[in-house]
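4 protein chains.
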Amino acid sequence: MNSIEIDIRVRYAETDAMGYLHHAQYFVYFEMGRTELLRRSGVSYRELEERGFFYVVARVECKFRLPARYDDQLVLRTTVERFSPVRVDHRYELLRDAALLAEARSTLACVGRDGRVVGLPDDVVARLGA
Amino acid sequence: MNSIEIDIRVRYAETDAMGYLHHAQYFVYFEMGRTELLRRSGVSYRELEERGFFYVVARVECKFRLPARYDDQLVLRTTVERFSPVRVDHRYELLRDAALLAEARSTLACVGRDGRVVGLPDDVVARLGA
Amino acid sequence: MNSIEIDIRVRYAETDAMGYLHHAQYFVYFEMGRTELLRRSGVSYRELEERGFFYVVARVECKFRLPARYDDQLVLRTTVERFSPVRVDHRYELLRDAALLAEARSTLACVGRDGRVVGLPDDVVARLGA
Amino acid sequence: MNSIEIDIRVRYAETDAMGYLHHAQYFVYFEMGRTELLRRSGVSYRELEERGFFYVVARVECKFRLPARYDDQLVLRTTVERFSPVRVDHRYELLRDAALLAEARSTLACVGRDGRVVGLPDDVVARLGA
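If you read the sequences in order, they're chains A, B, C and D.
Take the first sequence: its letters are residues 589 to 718, numbered as in my numbering.
Take the second sequence: its letters are residues 589 to 718, numbered as in my numbering.
Take the third sequence: its letters are residues 589 to 718, numbered as in my numbering.
Take the fourth sequence: its letters are residues 589 to 718, numbered as in my numbering.
If you want it as structure tokens, here you go:
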């Protein structure tokens, strides 16, 4: 399972004075996509943190094509593009019906409690690398 | 020093589709007021946390009288109304020039790493209780 | 339909350095509860705004009893306690399984594009006042 | 004036359970940098919106090099890299003392109330293009 779609309803608090979903908020959505993609692979990110493994965002880029508004019902498609025990690259597409609102990419690194890069434990790699 | 005024400029991301500062954001401002009030008393909240003492919000109330907008230059007055080693009550007034936009109150409890109520260390009580 | 329960999963971005759901975020959840309660009554708040009617928050209070954490699956119960064409009072209970994490109340006023209090249109009052 | 430095103190609400400034929040800071860069050039973004001109974010990218924490005192350097009446490219560097925490770039388009690309008014172009 290297791709997942989740439904997201735009909250009022996420809009700005222009009447649009604020652009910083997209990255919160992308993080939700990653959480759910892990979960469907049988991995709880919360448990991963409790075991001392943390995913930190090393790089993001996003192209904003069309605005979203309050109460819009969106679909976020999150896909793993590249995976290794110490790094994962994701691609994101945010859609409202057939319209592509935004597309993005990110690179995350796996670090330990000390902030140093560390490989994910074998049981997690086995689930995610499948 | 049991009262402090700080300047806050409303950020674009803090507004909503109504064009107003979103009401949840006021509580973020109040927290800033508390941080600065502690700092002026010679107490760094960050250091307090590093020593294992945490202020958790037990109760808040806020009356919103007039809206604020993007780029408004506001003044937040934060006052300690009641203080003990395990609890502190604050009052807040958010102003734009002479206009009172909001007034609020909060009660915080001091807890340890385990989440249980604990008294602040003596050196901190001495500074804050003065 | 004067009460509704919605499911909310705590997002990573909503937590703070204490590891808890930040207290300002609760008010974002309460707003979601209001939106869904209106929707189940056949009223779209987005359409209400398009027709020139806006609900502004006049007062909130919240007691925080137990913290929530990242990825917690919560239930928010939102109830109308008092309703008139120009004002509505809500009560909120945020739960994780049987545990009551927070309880809150709010008062909203209905205003027009000019920010002055105005009564909701009759068709909306009919649906909400039932 | 095509570059500006502003001071930003990390707020508690901006941190996450990892204890770091949340990565989405960086984009809120960058927006603050743009607002202040315009202001120093004699242009109020708020007035620009009141005149019917809006800057929408078309693209962002950010590399996160080192984490920031609660209460860190940061410096954000915002620079115009390319400017035309319909588009502006910015570069951002977020620093804590001599350490570069993040570097980013964005492209904004100027649109009218209808969301279509439109050139900035001549008096604004004159100030910004100098």
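Built from N, CA and C at the ideal position, the CB exists for glycine as well.
Query: Taking 8 Å as the threshold (C-beta atoms), are A:Ala656 and A:Tyr608 in contact?; Result: yes
Query: Using C-beta distances below 7 Å, list every residue in its chain close to D:Thr667, excluding the 5 sequence neighbours before and after it, in chain order.; Result: Asn590, Ser591, His678, Arg679
Query: So C:Ile596 and C:Tyr617 are supposed to be a Cβ contact under 8 Å. How far apart are they, rounded?; Result: 6 Å
Query: Since A:Val648 and D:Cys650 should fall inside the 8 Å C-beta cutoff, what is the C-beta to C-beta distance between them, to a whole number of angstroms?; Result: 6 Å
Query: Measure the Cβ-Cβ separation of C:Val645 and B:Phe652 and say whether it is below 8 Å.; Result: yes
Query: Run through chain B and tell me which residues come within less than 9 Å of A:Tyr658, C-beta to C-beta.; Result: Asp604, Ala605
Query: Quick check on this structure: which residue in C:Leu625, C:Arg622, C:Leu683, C:Glu637 has the alpha carbon closest to the alpha carbon of B:Met606?; Result: C:Glu637
Query: Could you check if D:Ala601 is buried or exposed, using at least 16 other CB atoms within 10 Å of its CB as the buried criterion?; Result: buried
Query: Express the C-alpha separation of D:Glu635 and D:Arg627 in angstroms, rounding to a whole number.; Result: 11 Å
Query: Under three-state DSSP, which class holds C:Arg622?; Result: helix
Query: Starting from the beta carbon of D:Tyr600, find every residue of chain C whose beta carbon is closer than 7 Å, and list them in chain order.; Result: Asp604, Ala605
Query: Between the C-alpha atoms of C:Arg670 and D:Tyr658, what's the straight-line distance to the nearest angstrom?; Result: 41 Å
Query: DSSP has A:His678 in a bridge; who is on the other side?; Result: A:Val668, A:Ser694
Query: Assign B:Asp685 to one of two classes, buried (16 or more other C-beta atoms within 10 Å of its C-beta) or exposed (fewer than that).; Result: exposed
Query: Could you spell out the range, first to last residue, of the beta strand (DSSP E) harbouring B:Glu637?; Result: No beta strand (DSSP E) contains B:Glu637, which is instead part of the alpha helix (DSSP H) from 633–638.
Query: Verify whether the separation of the beta carbon atoms of C:Ser629 and C:Leu716 is less than 8 Å.; Result: yes
Query: How many whole angstroms separate the CB atoms of A:Leu683 and A:Arg665, which I take to be in contact at a CB cut-off of 8 Å?; Result: 7 Å
Query: Given this structure, state the Cα-to-Cα distance separating A:Leu708 from A:Ala612, to the nearest angstrom.; Result: 28 Å
Query: Mind listing the chain B neighbours of D:Thr695? Cutoff is C-beta to C-beta under 8 Å, in chain order.; Result: Chain B residues near D:Thr695: none, gap ~17 Å exceeds 8 Å.
Query: Need the endpoints of the alpha helix (DSSP H) that D:Asp595 sits in, please.; Result: D:Asp595 -> not in any alpha helix (DSSP H); beta strand (DSSP E) instead, spanning 591–597.
Query: Please confirm if C:Arg715 has its CB atom under 8 Å from at least one CB of chain A.; Result: no
Query: I'd like to know whether the C-beta of B:His678 is nearer than 8 Å to at least one C-beta of chain A.; Result: no
Query: If you measure between the beta carbons of D:Val674 and D:Glu593, is that distance less than 8 Å?; Result: no
Query: C:Asp604 and D:Asp604 - do their beta-carbons sit closer together than 8 Å?; Result: yes
Query: Does DSSP put A:Arg628 in a helix, in a strand, or in coil?; Result: helix
Query: Taking 8 Å as the CB-CB limit, is A:Glu593 close to chain C?; Result: no
Query: What does the Cβ neighbour count give for D:Gln625, buried or exposed, with the cut at 16 atoms within 10 Å?; Result: Just to set this straight, residue 625 of chain D is Leu in the shown sequence, not Gln. Result: buried.
Query: Along the beta strand (DSSP E) that carries A:Val648, what are the first and last residues, could you check?; Result: 642–652
Query: Using a beta-carbon distance below 8 Å, is B:Glu669 in contact with chain C?; Result: no
Query: Taking the straight line between their C-alpha atoms, what separation do you get for C:Glu619 and D:Ala714?; Result: 43 Å
Query: So, is B:Gln694 buried or exposed, given that buried needs 16 or more other C-beta atoms within 10 angstroms?; Result: Correcting the residue type first, residue 694 of chain B is Ser in the shown sequence and not Gln. Its Cβ being crowded by 16 or more others within 10 Å, B:Ser694 is buried.
Query: If you draw a straight line from the alpha carbon of A:Val676 to that of C:His610, how long is it in whole angstroms?; Result: 28 Å
Query: So with Cβ pairs under 8 Å, would you call A:Glu619 a contact of chain C?; Result: yes
Query: Name the DSSP bridge partner or partners of D:Arg684?; Result: D:Ala687
Query: Name the chain A residues that come within less than 9 Å of B:Ala612, Cβ to Cβ?; Result: Ala601
Query: Helix or strand or just coil, what does DSSP make of B:Val706?; Result: coil
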